[in-house]
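Chains as they are written, first to last, in the working numbering: chain A, 1 to 269; chain B, 270 to 531.
We treat Cβ as the ideally placed atom computed from N, Cα and C, and that holds for glycine.
Written below as structure tokens is the structure these notes are about.
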């Protein structure tokens with residue numbers, strides 16, 4: 001058990017090192033995210049100019065939602081894991097894992113956790129710079145239950161994010177080029193994950209359908225818990241559905257891996 | 270000049286033949302761009318479900334603005350995106366040597382090698398969005414207005430091209446431009462906002478310092494309010510200035526390039 005853990009600890013440490021190499025990229029990316037935040041502030045500030053509340057929430061609550069999502073993105077989102085997996089399959093680098101006693105999913109997940117630790121730490125730098133400007137826009141509810149629920153919600157969200165990226169990576173066994181699918185999925189995720197606008201602004205019927213899709217649990221769900229857009233009952237129901245999606249996606253990952261390997265041809269020594 | 274036109278035509282022919290070979294890919298990428306455009310229009314429709322105006326702009330005025338912004342971006346995607354995106358990778362891997370050995374202007378050769386018909390197809394869709402919004406607003410622009418609109422869209426394309434070159438040229442200093450390229454998309458988000466929404470620091474930064482707002486607002490204004498010489502000169506001047514800056518930074522960066530191959 002300990003020996004098995006050690007393998008993935010080493011993968012995690014390698015992941016840390018390789019991500020720290022590109023630290024400036026992440027910092028620059030973080031700074032560009034502040035520009036995105038500026039767009040959000042300007043757009044929603046203008047939208048709120050003629051009205052006190054939109055969807056039952058005021059401007060500060062709406063801006064807090066977007067700031068929260070931006071920060072969460074650096075801690076739990078899959079960035080380019082799908083592309084990395086795809087490259088490993090396409091270039092045959094995956095062959096080495098077939099000959100070793102290592103679980104490819106756990107190996108990639110260890111690297112994903114390391115990468116998010118690095119990007120999460122690095123976003124704090126631009127965030128600290130932005131804090132004096134956005135401080136007045138922040139307003140968080142202080143219900144105790146939110147602190148208890150948010151940890152499992154975030155963990156499950158990260159698993160969903162990674163599992164979806166892993167699934168897209170696995171598609172390389174069937175398709176030569178997956179970038180198109182990935183970016184297509186990003187468009188869907190940005191809408192149904194609540195990154196474009198809070199999902200509760202959608203028509204009621206569409207919002208209800210969105211609650212049963214995995215994208216809802218990628219970003220919107222933890223963001224909504226933190227910023228007070230959902231109550232305890234909705235949060236608990238959400239956790240159940242989220243757990244269901246994690247299990248379903250893990251099974252799908254395994255299925256794609258097994259089926260994909262049947263199609264895989266390893267060439268060379 | 271004719272030499273470069275022939276080179277570009279040869280590259281365009283190659284790109285189209287390649288697209289015909291990978292028709293599935295073409296379909297997927299066309300859908301990708303179409304989805305992203307739909308996402309932007311969806312955002313507008315959701316916000317206007319809850320409010321009447323954004324900085325004094327009605328829903329269809331905003332749609333015209335967003336359509337114009339998308340039109341410029343689709344042209345950029347169609348004519349330049351793949352080549353400039355590849356530049357980042359090629360500098361990192363050393364494959365950039367290939368362009369240095371070509372008989373012609375390096376920046377031209379690097380940034381015009383590939384054409385993406387999917388981006389150009391969606392430019393038609395973006396044009397359709399602009400036309401639909403203009404129809405809903407009951408606008409009847411004159412031929413001169415339409416000509417000026419096309420001219421300012423071209424200026425906008427030059428500015429977008431220059432910003433993208435500036436973003437990706439960071440690869441000469443950072444080794445990897447991954448994520449930095451995304452900065453271009455972040456900056457172009459501002460072009461979907463009306464100029465009146467910017468106040469104080471944001472006005473100084475995004476309207477006056479960076480050309481990201483005027484790039485779409487100037488052509489959209491021509492359709493909405495008729496030709497305005499001030500806006501047209503402003504945009505043309507910015508296009509010239511930013512292009513000169515992009516050329517300068519690209520060649521400064523090139524001095525740092527050390528082949529990674531062999």
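| query | result |
| --- | --- |
| Element boundaries [alpha helix (DSSP H), containing residue 297(B)] | 292–319 |
| Residue-chain proximity (residue 321(B), chain A), Cβ-Cβ < 9 Å | yes |
| Below-9 Å beta-carbon distance, residue 475(B) vs any chain A residue | yes |
| Within the stretch 385–429 of chain B, ranges of the alpha helix (DSSP H) (whole runs, at least 4 residues) | 386–405 |
| With 16 other Cβ atoms within 10 Å as the buried cut-off, status of residue 100(A) | exposed |
| Cβ-Cβ separation, residue 387(B) to residue 351(B) (assumed contact under 8 Å), whole Å | 10 Å between Cβ atoms; not a contact. |
| Euclidean distance between Cα positions of residue 20(A) and residue 118(A) | 7 Å |
| Partner residues on chain A for residue 314(B), Cβ-Cβ distance less than 9 Å | Those do not exist, as residue 314(B) stays about 10 Å from chain A at its closest Cβ, beyond 9 Å. |
| Chain A contact for residue 349(B) (CB, 9 Å cutoff) | no |
| Span of the alpha helix (DSSP H) around residue 36(A) | 23–47 |
| Positions along the stretch 163–192 of chain A whose CB lies within less than 8 Å of some CB in chain B | 177, 180, 181, 183, 184, 187, 188, 190 and 191 |
| When 261(A), 241(A) and 220(A) are compared against residue 68(A), the one with the closest alpha-carbon | 220(A) |
| Residue 57(A) in three-state terms, based on DSSP | strand |
| Residue 326(B) - DSSP class collapsed to helix/strand/coil | strand |
| Residue 346(B) vs residue 310(B) beta-carbon contact at 9 Å | no |
| Contact list for residue 459(B) against chain A, beta-carbon separation under 7 Å | 39 |
| Proximity to residue 284(A) [Cα-Cα], best of 216(A), 181(A) and 170(A) | Nothing about residue 284(A) can be read from this structure; chain A reaches only from 1 to 269. |
| For residue 92(A) and residue 266(A), the rounded distance between their alpha carbons | 7 Å |
| Where residue 350(B) sits in the DSSP three-state scheme | helix |
| Cut-off 8 Å between Cβ atoms - residues of its own chain near residue 23(A), not counting five sequence neighbours on either side | 118 and 122 |
| Residue 203(A) at chain B interface by Cβ criterion, 9 Å | yes |
| CB of residue 334(B) within 9 Å of CB of residue 428(B), strictly | no |
| C-beta neighbour in chain B for residue 45(A), strict 9 Å | yes |
| Cβ contact check for the stretch 138–152 of chain A and the stretch 22–41 of chain A: 3 or more pairs under 8 Å | no |
| is_contact[residue 42(A), chain B] using C-beta, thresh 9 Å | yes |
| Contact under 9 Å by Cβ, residue 217(A) with residue 160(A) | yes |
| The stretch 196–208 of chain A touching the stretch 234–250 of chain A, judged by at least three CB pairs closer than 8 Å | no |
| Where residue 52(A) falls: helix, strand or coil (DSSP) | coil |
| Positions along the stretch 51–63 of chain A whose CB lies within less than 8 Å of some CB in chain E | Going by chain labels, chain E is absent from the structure shown, which instead holds the protein chains A and B. |
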